Structures are given as structure tokens and as C-alpha cells.
Amino acid sequence: MTIIRNQDDFNTAAAKAEVLVESLPWMKKFRDKIIVIKFGGNAMVDAALFQAFAEDVVYLRYAGIKPVIVHGGGPQINEMLGRLGIESEFQGGYRVTTPEVMNVVRMVLTGVVNPQLVDAINQHAPLAMGISGEDGGLLQAAPAAPVMVENTTIDLGLVGEITRVRPDAVHHILENGMIPVVSSIAPNSAHPGQSLNINADTAAGALAAALGAEKLVMLTDVAGLYAAWPDPASLISSLTLSELQEMLPSLADGMIPKMRACVTALSAGVQKASIVDGRVPHSVLLEILTNNGIGTEIVPDTAAAPRTSSIAVIPSP
Ligand SMILES: Nc1ncnc2c1ncn2[C@@H]1O[C@H](COP(=O)(O)OP(=O)(O)O)[C@@H](O)[C@H]1O
Ligand SMILES: CC(=O)N[C@@H](CCC(=O)OP(=O)(O)O)C(=O)O
Numbered sequence: 001m002t003i004i005r006n007q008d009d010f011n012t013a014a015a016k017a018e019v020l021v022e023s024l025p026w027m028k029k030f031r032d033k034i035i036v037i038k039f040g041g042n043a044m045v046d047a048a049l050f051q052a053f054a055e056d057v058v059y060l061r062y063a064g065i066k067p068v069i070v071h072g073g074g075p076q077i078n079e080m081l082g083r084l085g086i087e088s089e090f091q092g093g094y095r096v097t098t099p100e101v102m103n104v105v106r107m108v109l110t111g112v113v114n115p116q117l118v119d120a121i122n123q124h125a126p127l128a129m130g131i132s133g134e135d136g137g138l139l140q141a142a143p144a145a146p147v148m149v150e151n152t153t154i155d156l157g158l159v160g161e162i163t164r165v166r167p168d169a170v171h172h173i174l175e176n177g178m179i180p181v182v183s184s185i186a187p188n189s190a191h192p193g194q195s196l197n198i199n200a201d202t203a204a205g206a207l208a209a210a211l212g213a214e215k216l217v218m219l220t221d222v223a224g225l226y227a228a229w230p231d232p233a234s235l236i237s238s239l240t241l242s243e244l245q246e247m248l249p250s251l252a253d254g255m256i257p258k259m260r261a262c263v264t265a266l267s268a269g270v271q272k273a274s275i276v277d278g279r280v281p282h283s284v285l286l287e288i289l290t291n292n293g294i295g296t297e298i299v300p301d302t303a304a305a306p307r308t309s310s311i312a313v314i315p316s317p
């Protein structure tokens, strides 16, 4: 049987080929490079977006890139706390974490969200390996400093700031051709047996810095960083590390840990951080493998900016 194709079929085929060819230089640029991707926002609670994210990650891996996933889970933690009748609040972008809340955060991030994401990726190929910041000494933390909100000092309880990263476990997973999927819990180095709640953006920034990642991509539930949030006309497409550092004191809510994480990563030499709209299906592929990318990009001030980091990277024992 012979099927005669019409002009529309040829036009569609040409458009598809154009997209594939557009990805070529980006595949070359990022081949064998580590890209840390923070999975969060709407993409975590919408089943179709969740699946699309898993497809993107597998695609990147087959394109020869080394994705490292750090996931959030704020909405899932909220839901579980609600079901258990436990109150919790956010201050300055961080969840005030009592010991009771900490148990739920750890249970939900490491016990529920992490295996769900591993499973979504592994439905395509058995590539994902779940790991907590507590595994293999990956993360170490100290209690975070109190935050100032409207001139009031607020103690965050069991929230941690990362003090040290031992990236061996992640490197081992990558060396085996697999995809590390990291949950953001860390042991308190000053208090053995106690775990700390690390904002997932903070964990992603510290990991990108310690791994010497080429790029940090942060999915969220807005189109990017707005200069005058929530004015839609103030969406920023590109800004430098210094410009971001100047903006930091004016930021609010969840953008505070996100942008601090970008500063951590870029200060340590990561060449680009991108904030992308996780409501857009396949936003990760669009950001990494197309010419224009999407969302807000943060770039170093100059190509030769000095590298600084307050987080120690621990070599193999
Ligand atoms: N300048 C800003 N630009 C964009 N979003 C902002 C800004 N300031 C505050 N926000 C808020 O930050 C939120 C993103 O942070 P968060 O909810 O923690 O995201 P995620 O769950 O993706 O980690 C946005 O939904 C928005 O409400
Ligand atoms: C200290 C702190 O705020 N921890 C976060 C950890 C999860 C997270 O960061 O999730 P998202 O990325 O989905 O917001 C929390 O308890 O919600």
C-alpha cells in the first residue's frame, strides 16, 4: 500500500526537524556536564507535568548530560500536616520547623516524594537512584540564623543551613550512568541524631556549587523573577550576580531561598542559574536545549569572576 503524504505532513516534519537541529549545539555544550535541577512548584502536584518532568530528565540523560535532581515537596508536606492536624507557618520563605513538624517533613520528602519521583523516572528506564542529604554524608548542616520579618526576629527552629557537602555519593551514582534524586534533609553536625529541614532551593544551590555544575535550573510556579512582584510587566529575562545580590534584601517569601541559592551557586563558579516556569510542560527541555530558553537567567558579572563559597566541599575519606 502506498500512502501519499500531503504538504501539511511535510511542513510538520520540517518544523520538528528544525527543533531537533536547534538542540544540537546545546547537546554538544552540555555533553558529560552536570546540570542540577530543582524540581518544585506546580509541576510537583500536577500529574501530567510530573510525568513530563520525568520524561525531560530521561531525555537529558540519553542526550549525554548528567542531570542531578533536588526535589521540594512543600505542598505535600502541607497536606500531610493538615491531615495530622499539625499547624505550621512560613516566615521569610522558610517553614518554621518544630520537632513534630520535622518528623513529618522527613517522612514526606524522603519517604513519599523522593520514591514517587524515582518511580516516575524509572518507568522509562531504571536510571533514577533516590538519596537523602543524610545518606553517605552528602549534606551537613547547622541551625539557620533567625530571620527578620517586619522588624521582628523569628527563630526558625529545626531549619538548617548547609555547612558542608560531601558529593561522593552523587558522583558515584553519576559515574554509574544513573540519575541522583536528592531529598533535602541534613544531619545537624552539632547535634548527633538530630535532622534539619533544608529548603530544597538551598540544597540545590549548595549541591550545584559543590559538584561544580555547569548550570542550575529551578522550576517554580511563576514565569521567573519579577523586579516589582507581582507586576507582570516587571519579569526579568536576564540579570547578573551583582544585580541579584543588590536585589536580595527587597525579595519576599519563597523567592528569598531561591535567589540565595542562585547566589551560592554562581559565587562558586556555576556559569548560569535559570528560574523557569514549571507550569509549562517540558520547561526543562525548553530551557536547556533551545536557543532562547525560558524564564529568568542569572549570569556571572564577568567570565573571570573570582569563585567564593562559604560551604566546605569534603573530599573522599
Ligand atoms: N520578586 C518575585 N518574583 C517572583 N515570585 C515572587 C517574588 N517575590 C515573591 N514571590 C513568590 O515566590 C513564589 C515562589 O516561591 P515558592 O513558592 O517557594 O516556590 P517553589 O515552591 O517553586 O519553591 C512565587 O509563587 C511568588 O508568590
Ligand atoms: C525550611 C523549608 O522551608 N523547608 C521546606 C522543604 C521542602 C521544600 O523546599 O519544598 P518546595 O521546594 O516545594 O517549597 C519545607 O518544609 O517546605
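UniProt numbering puts the sequence shown at residues 1 to 317.
We put the beta carbon where it would ideally sit given N, CA and C, even for glycine.
This structure is a prediction, so every number in the text was calculated from the model and none was measured.
Notebook entry, point to check: Between which two residues does the alpha helix (DSSP H) containing Val263 stretch?
Noted result: Met255 to Ser267
Note to self: Taking only three categories from DSSP, how would you classify Lys215?
What the structure shows: Reduced to three states, the DSSP call for Lys215 is strand.
Notebook entry, point to check: Would the beta-carbon of Val36 fall within 8 angstroms of that of Ala200?
Noted result: In this structure, Ala200 does not lie closer than 8 angstroms to Val36 by Cβ.
Check: At a cut-off of 7 angstroms, is residue 319 close to ligand 2 when judged by its beta-carbon and the heavy atoms of the ligand?
Finding: With the chain covering 1 to 317 only, the question about residue 319 has no answer from this structure.
Notebook entry, point to check: Asn199 by DSSP, collapsed to three states: which one?
Noted result: The three-state secondary structure of Asn199, taken from DSSP, is coil.
Next item on the list: Go through its chain and collect everything with a Cβ distance to Ser316's Cβ below 6 angstroms, but skip five positions before and after it.
Entry: Asp168
Checklist line | Test item: CB-CB of Ser183 and Leu109 under 8 angstroms | finding: yes
Next item on the list: Pick helix, strand or coil for His124, following the three-state DSSP scheme.
Entry: coil
Note to self: Using a 10 Å radius around the Cβ and a threshold of 16 neighbouring Cβ atoms, would you call Lys215 buried or exposed?
What the structure shows: It is buried - the Cβ of Lys215 has at least 16 other Cβ atoms within 10 Å.
Next item on the list: May I ask whether a heavy atom of ligand 1 can be found less than 7 angstroms away from the beta carbon of Met255?
Entry: Flag set: Cβ of Met255 near ligand 1.
Margin query: Give the list of continuous alpha helix (DSSP H) stretches no shorter than 4 residues that lie fully inside the stretch 81 to 111.
Written below: 99 to 108
Note to self: Quick check on DSSP: helix, strand or coil for Pro146?
What the structure shows: coil
Margin query: Considering only the alpha carbon of each residue, which of Ala233, Leu117, Leu158 and Gly160 lies closest to Pro180?
Written below: Minimum Cα distance to Pro180 is reached at Leu117.
Margin query: On a Cα-Cα basis, can you pick out the residue from Thr296, Leu156, Gln140 and Ile154 that is closest to Thr163?
Written below: Residue nearest to Thr163 within the set Thr296, Leu156, Gln140 and Ile154 is Gln140 (criterion: CA-CA distance).
Note to self: Taking only three categories from DSSP, how would you classify Pro67?
What the structure shows: Correct three-state label for Pro67: strand.
Check: Any heavy atom of ligand 2 within a distance shorter than 7 angstroms of the CB on Met44?
Finding: yes
Notebook entry, point to check: Is the closest heavy atom of ligand 2 to the C-beta of Leu109 under 7 angstroms?
Noted result: yes
Check: Is Gly133 helix, strand or coil when you go by DSSP?
Finding: coil
Next item on the list: Output the distance between the C-alpha atoms of Met247 and Ala203, rounded to the nearest integer angstrom.
Entry: 21 angstroms
Check: Which one or two residues does DSSP pair with Lys272 in a beta bridge?
Finding: Lys215
Check: Thinking just about the alpha-carbon of each residue, which of Pro99, Leu60 and Gly41 is nearest to the one in Gly72?
Finding: Nearest C-alpha to Gly72 among Pro99, Leu60 and Gly41: Gly41.
Notebook entry, point to check: To the nearest whole angstrom, what separates the beta carbons of Gly278 and Leu49, a pair I think is in contact under 8 angstroms?
Noted result: 7 angstroms
Item checked: Heavy atom of ligand 2 within 7 angstroms of Asp201 beta-carbon -> yes
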